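Asks: Sharing a structure below in structure tokens format, with a few things to ask.
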């Protein structure tokens, strides 16, 4: 029933969509981190206004489907004359940038909750100790809070990047030819749903597997102080 | 877009889109509920397979959750919609019919959502089962309860209590996932907004209205879940 020659052909065509999927995911997560950290810092700030803005951003993004957000940006922005006549229009009329903007806002809101959790997990004593050493606030963030918070938030953030990679498939609805876009086109042309699905699904699984391995490796690197590696073991042996 | 034009469009009069959007929101909730319920059934079996299944069954459940968490929901919806249509067409041809028979979008959407959320339900139920203390089960066995009675009186109520927060999260995901069912042509909230945007050329207003309705549904269902969490935890000290 399953035609392997066709599956090979599907693989060749679908691999062509991989670079775009990776691009969307990479660019959106890179900018999304900035949104996530900013929103998290705003939510933890003393200013009530900043907190309210960040809370509203997170509530609205997390409470609405990504597809609606994409449509609001891709179709909705054209309704306003002042946007059509502004420099932004050069970006907003391209589905590529609309997809990236929507994914970026989206992952920023979800990511902010992870970053916030990481920031809150930093023990008070560490911050007090840094302050009593006379470190200025920026230095405390750079040397104490951020390294500890990143370590804490990394596993969950890795998960968020995987979710984002899955979410890039929605870009196919606004004509982007990434993996799902190519898959939908192939299904419409050939009516061979199962084969195309298997190959496309396999590609996503592979990408996400590599991503999760990468995050696990990064985590191991950041947590190397908790591990007894060969050098400490040899020291311990000598001591014993 | 001016404020007045937005409310002109969204009123409930003969020329307004109010009722159409509210009805579509109802379809969204229905498709999400159907998918969520199916997912809960699949999740129950999945959790059972992971907790006490024999080798091959457990491996199958493990593969199911890993795969479904790694591939985009949109692909699964394509699989069910186009795959269902193909199967239906084949059956139709077998009985002497001609042409292409399209699979109902509601069924395809509910099946796809059920299939994807089933993986999340599995993890939620499994986690909740792990949270039940063995002592309670032993005590029930010691009093001579049969397996069914033990399940009905002890495991089920405790499981629900521990699973509710997780189920609330799954529901939020399912609700937003239902937006993707619009690709099958089912007139739910997003599709209705697309139709309205197409005929009035005011896409921003319509997608904004859809976003607001999604926020309302999210808000209300959050309340329902919080209320039922309090209800099912009423025997626990320290709950409100």
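Chains as they are written, first to last, in the working numbering: chain A, 1 to 240; chain B, 1001 to 1240. Backbone N, C-alpha and C define an ideal beta-carbon position, used for all residues, glycine too. Since the structure is predicted, the reported quantities are computational estimates derived from the model, not experimental observations.
Quick one: is residue 2 of chain A near chain B, going by C-beta distance under 7 Å?
Replies: To locate residue 2 of chain A, count along the first chain from 1; it is residue 2. Cβ-Cβ to chain B under 7 Å: no for residue 2 of chain A.
Asks: Measure from the alpha carbon of residue 123 of chain A to the alpha carbon of each residue in A:144, A:153 and A:135, then state which is nearest.
Replies: The residue given as residue 123 of chain A occupies position 123 in the first chain. Of the candidates A:144, A:153 and A:135, the one whose C-alpha sits nearest the C-alpha of residue 123 of chain A is A:144.
Asks: Does DSSP put residue 121 of chain A in a helix, in a strand, or in coil?
Replies: Locating residue 121 of chain A in the first chain gives position 121, where the first residue counts as 1. Of the three classes helix, strand and coil, the one that applies to residue 121 of chain A here is coil, per DSSP.
Asks: For residue 78 of chain A, which residues from the same chain have a beta carbon less than 7 Å from its beta carbon, with the 5 sequence-adjacent residues on both sides left out?
Replies: Reading the first chain from its first residue, position 78 is the one you call residue 78 of chain A. Excluding positions up to five away in sequence, the list reads 84.
Asks: Give the C-beta separation of residue 196 of chain A and residue 10 of chain A to the nearest angstrom, bearing in mind that I take them to be a contact with Cβ-Cβ under 8 Å.
Replies: Reading the first chain from its first residue, position 196 is the one you call residue 196 of chain A. Reading the first chain from its first residue, position 10 is the one you call residue 10 of chain A. Between residue 10 of chain A and residue 196 of chain A the Cβ distance is about 5 Å, and since that is below 8 Å, they are a contact.
Asks: How should residue 116 of chain A be labelled, buried or exposed, when 16 other C-beta atoms within 10 angstroms of its C-beta is the threshold for buried?
Replies: If you number the first chain from 1, residue 116 of chain A lands on position 116. Residue 116 of chain A comes out buried.
Asks: Can you pull the chain B neighbours of residue 169 of chain A, defined as C-beta to C-beta under 7 Å?
Replies: Looking up residue 169 of chain A in the first chain gives position 169. In chain order: 1072, 1074 and 1075.
Asks: For a contact meaning CB atoms closer than 8 Å, what does residue 1215 of chain B contact in chain A?
Replies: By one-based count along the second chain, residue 1215 of chain B stands at place 215. Chain A residues near residue 1215 of chain B: 59, 60, 63 and 64.
Asks: So which residues on chain A does residue 1202 of chain B lean against when the C-beta distance must stay under 8 Å?
Replies: Within the second chain, numbered from 1, the residue matching residue 1202 of chain B stands at position 202. The contacting residues are 79.
Asks: Pull up the distance between the alpha-carbon of residue 1169 of chain B and that of residue 1060 of chain B, whole angstroms please.
Replies: Taking the second chain and counting its residues from 1, one reaches residue 1169 of chain B at position 169. Taking the second chain and counting its residues from 1, one reaches residue 1060 of chain B at position 60. Cα to Cα, the separation comes out at about 25 Å.
Asks: Would you please verify whether the beta carbon of residue 76 of chain A is less than 7 Å from any beta carbon of chain D?
Replies: Among the chains of the structure shown, chain D does not appear; the protein chains present are A and B.
Asks: Just the Cα atoms here: how many angstroms apart are residue 160 of chain A and residue 134 of chain A?
Replies: As a first step, residue 160 of chain A must be located in the first chain, where it is residue number 160. As a first step, residue 134 of chain A must be located in the first chain, where it is residue number 134. Taking the straight line from one Cα to the other gives about 36 Å.
Asks: Spatial neighbours of residue 1077 of chain B within its chain, please: CB distance less than 6 Å, with the 5 preceding and 5 following residues excluded, ordered by chain position.
Replies: The residue labelled residue 1077 of chain B in the question sits at position 77 within the second chain. Counting only Cβ-Cβ distances below 6 Å, and skipping sequence neighbours, we find 1112 and 1180.
Asks: Under 7 Å, Cβ to Cβ, is there at least one residue of chain B near residue 106 of chain A?
Replies: As a working note, residue 106 of chain A is residue 106 in the first chain. So, not an interface residue.
Asks: Within 6 Å: the Cβ of residue 1065 of chain B and any heavy atom of the ligand MN?
Replies: You won't find the ligand MN in this model; it holds no ligand whatsoever.
Asks: Determine the direct distance from the alpha carbon of residue 1031 of chain B to that of residue 1079 of chain B, and round the result to whole angstroms.
Replies: Looking up residue 1079 of chain B in the second chain gives position 79. Looking up residue 1031 of chain B in the second chain gives position 31. The straight-line gap from Cα to Cα measures roughly 17 Å.
Asks: Considering only C-alpha positions, which residue in the set A:106, A:172, A:57 and A:206 is nearest to residue 1074 of chain B?
Replies: Counted from its first residue, the second chain places residue 1074 of chain B at position 74. Comparing Cα positions, the closest option is A:172.
Asks: Strictly under 7 Å for the Cβ-Cβ distance: is residue 109 of chain A near chain B by that measure?
Replies: By one-based count along the first chain, residue 109 of chain A stands at place 109. Not an interface residue.
Asks: Could you tell me whether the stretch 98 to 111 of chain A touches the stretch 46 to 64 of chain A, using the rule of 3 or more Cβ pairs below 8 Å?
Replies: The stretch 98 to 111 of chain A is in contact with the stretch 46 to 64 of chain A.
Asks: Comparing alpha-carbon positions, which option in B:1152, B:1139, B:1121 and B:1154 lies nearest residue 1174 of chain B?
Replies: Numbered from 1 along the second chain, position 174 holds the residue referred to as residue 1174 of chain B. Here the closest residue by C-alpha is B:1121.
Asks: Taking all protein chains shown into account, decide if residue 1135 of chain B is buried (16 or more other Cβ within 10 angstroms of its Cβ) or exposed.
Replies: Counting from one through the second chain, the residue named residue 1135 of chain B turns up at place 135. Its Cβ having fewer than 16 others within 10 Å, residue 1135 of chain B is exposed.
Asks: Between the stretch 1098 to 1116 of chain B and the stretch 1032 to 1041 of chain B, do at least 3 Cβ pairs fall closer than 8 Å?
Replies: They touch, by the three-pair rule.
Asks: Just verifying my parser: in three-state terms, what is the DSSP assignment at residue 1001 of chain B?
Replies: On the second chain, position 1 is the one that residue 1001 of chain B refers to. In this predicted model, residue 1001 of chain B has a pLDDT of only 47, less than 50, meaning its place in the structure is not dependable; the value taken from the coordinates is given anyway. Residue 1001 of chain B falls in the coil class under three-state DSSP.
Asks: Tell me the rounded alpha-carbon separation between residue 1119 of chain B and residue 131 of chain A.
Replies: Counting from 1 along the second chain, the entry for residue 1119 of chain B is found at position 119. Counting from 1 along the first chain, the entry for residue 131 of chain A is found at position 131. Taking the straight line from one Cα to the other gives about 46 Å.
Asks: Taking residue 1042 of chain B as the reference, give the member of B:1106, B:1153, B:1056 and B:1064 with the closest Cα.
Replies: By 1-based counting over the second chain, the position of residue 1042 of chain B is 42. The residue with the shortest Cα to Cα distance from residue 1042 of chain B is B:1064.
Asks: Return the chain-ordered list of same chain residues with a C-beta closer than 8 Å to the C-beta of residue 221 of chain A, the five sequence neighbours on each side being excluded.
Replies: For the purposes of this step, residue 221 of chain A is taken as the residue at position 221 of the first chain. There are no such residues.
Asks: Let me check understanding here. Comparing Cα to Cα, which of B:1049, B:1204, B:1162 and B:1177 lies closest to residue 1236 of chain B?
Replies: Residue numbering aside, residue 1236 of chain B sits at position 236 when the second chain is read from its first letter. If we check each option's Cα against that of residue 1236 of chain B, B:1162 comes out closest.
Asks: Counting pairs of Cβ atoms below 8 Å between the stretch 1009 to 1029 of chain B and the stretch 1206 to 1213 of chain B, do you hit three or more?
Replies: Yes, since at least three Cβ pairs between the stretch 1009 to 1029 of chain B and the stretch 1206 to 1213 of chain B fall closer than 8 Å, the two stretches touch.
Asks: Using C-beta distances below 8 Å, list every residue in its chain close to residue 1228 of chain B, excluding the 5 sequence neighbours before and after it, in chain order.
Replies: Here the question's residue 1228 of chain B lines up with position 228 in the second chain. Once the five neighbours on either side are set aside, the close Cβ partners of residue 1228 of chain B are 1164.
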